[in-house]
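Working notes for the structure below.
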Amino acid sequence: MTEYREILVGRDRPLARITLNRPDKLNAFTLTMADELLAAFGEAEADPAVRAVLLGGAGRAFGAGFDLSAVAAMDPPELGPVLEDHFNPLIRAMRRSRLPIVASVQGACAGAAVGLALACDLVIAGRSAFFYEPFVGIALVPDAGNSLFLPRLVGRIRAAGMALLGERIPAEEAGAWGLVWKVVEDAALAGESEAVASRLAAQPAAAVAATKRLLGAAAEAGLDAQLDLERDLQDQAGRSADCRAAIERFLKR
-12 MTEYREILVG RDRPLARITL NRPDKLNAFT LTMADELLAA FGEAEADPAV RAVLLGGAGR
48 AFGAGFDLSA VAAMDPPELG PVLEDHFNPL IRAMRRSRLP IVASVQGACA GAAVGLALAC
108 DLVIAGRSAF FYEPFVGIAL VPDAGNSLFL PRLVGRIRAA GMALLGERIP AEEAGAWGLV
168 WKVVEDAALA GESEAVASRL AAQPAAAVAA TKRLLGAAAE AGLDAQLDLE RDLQDQAGRS
228 ADCRAAIERF LKR
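Using my numbering, the letters of the sequence shown correspond one by one to residues -12 to 240.
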């Protein structure tokens, strides 16, 4: 099995476990992490003994979104290729996978990490979890599938509130809105997430894969076109002076 730097991967067949592992950075994404996630999902997909995937984040957060220090280092920022080459292939692979994927979310789930969680089939949230779309506040636009997943899950008005105002949606409210399947106490999160993933792994594999395909076809028509639009608009946004200034302010904090 491949060795990774920024994620942890384990297989206790029929369950594969994938964990974002930059806890000191609240699991903020890097290009390396995105590429490693894509490779890990590919390995799980190719193993016939794997029947489900459990995705989580090490430490006190699921994920803080893309590491803005990487954007600040780009001159000029070229975010279109970042999405096209690293993030969009990951989202597509997760949605096209035969495997049911369970996200186990605690603490911050922000930006691209929201897209990652919503690309899973079920989301289990601890009470500490909150969902947060900070893009507009740093002069960027939603990506990682957020602009398609959010309005279809919570409706256009709530999605607009999340995306335009950048308010944090706590776990209980996220559950009421339909962003998560179940909210549990943080102490019970790992056990409940494992139990749900194990239940999925025990179901008939062909029926699970076909059902996932049906639900995706009904709920995610246009995903490819939306990912392409996110790529193009994010590339424009990332080159703006407003974005540069906002990221500099964020990093100074």
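For each residue, glycine too, the CB sits at the ideal point set by N, CA and C.
Item, Value
"Taking the alpha-carbon positions, what's the G225 to S84 distance?", "30 angstroms"
"Between G52 and F16, how many whole angstroms is the CB-CB distance? I'm expecting something under 8 angstroms.", "7 angstroms"
"Does the Cβ-Cβ distance between E120 and V101 come in under 8 angstroms?", "yes"
"Can you have a look at V63 and say buried or exposed, based on whether 16 or more other CB atoms are within 10 angstroms of its CB?", "The sequence given here places Pro at residue 63; Val does not occur at that position. Looking at its Cβ environment, which holds fewer than 16 other Cβ atoms inside 10 Å, P63 is exposed."
"Look at the Cβ atom of D173, then the Cβ atom of Q93, and state whether they are nearer than 8 angstroms.", "yes"
"So, at 6 angstroms on beta carbons, what are the nonlocal neighbours of L187 in its own chain, with the 5 sequence-adjacent residues on each side left out?", "A39 and P87"
"Using the rule of at least 16 other Cβ atoms within 10 Å of the residue's Cβ for burial, across every protein chain shown, is R9 buried or exposed?", "buried"
"Helix, strand or coil for L137, going by three-state DSSP, please let me know.", "helix"
"By DSSP, does S91 sit in helix, in strand, or in coil?", "strand"
"For F118, which option in A205, A97 and P76 has the closest C-alpha, if you only look at C-alpha atoms?", "A97"
"Using 10 angstroms around the beta-carbon of D130, count the other beta-carbons present and answer buried if the total reaches 16, otherwise exposed.", "buried"
"For N75 versus A45, is the C-beta spacing smaller than 8 angstroms?", "no"
"Could you compute how far the alpha carbon of L55 sits from the alpha carbon of P35?", "37 angstroms"
"Under three-state DSSP, which class holds L42?", "strand"
"Per DSSP, what kind of secondary structure is C96 in: helix, strand or coil?", "strand"
"Could you round the C-beta distance between A233 and G124 to whole angstroms and report it? I think they count as a contact, below 8 angstroms.", "7 angstroms"
"To which residues of the same chain is A31 closer than 7 angstroms at the C-beta, ignoring the five residues directly before and after it?", "A3, V37, V40 and L86"
"Below 8 angstroms, can you find three or more Cβ-Cβ pairs linking the stretch 193 to 204 to the stretch 137 to 154?", "no"
"Going straight from the alpha carbon of I78 to that of R155, what length do you get?", "23 angstroms"
"Answer yes or no: do L18 and V69 have a C-beta to C-beta separation smaller than 8 angstroms?", "yes"
"In the DSSP output, what is I111 paired with across the bridge?", "S91 and K169"
"With 16 as the cutoff for other CB atoms within 10 Å, does R82 come out buried or exposed?", "buried"
"Exposed or buried, what is G165 when buried is set at 16 or more other beta-carbons lying within 10 Å of its beta-carbon?", "exposed"
"Nearest by alpha-carbon distance to L238: which of L7, A60 and L152 is it?", "A60"
"Among the candidates A161, F136, W168 and A193, whose CA atom is the shortest distance from the CA of A208?", "F136"
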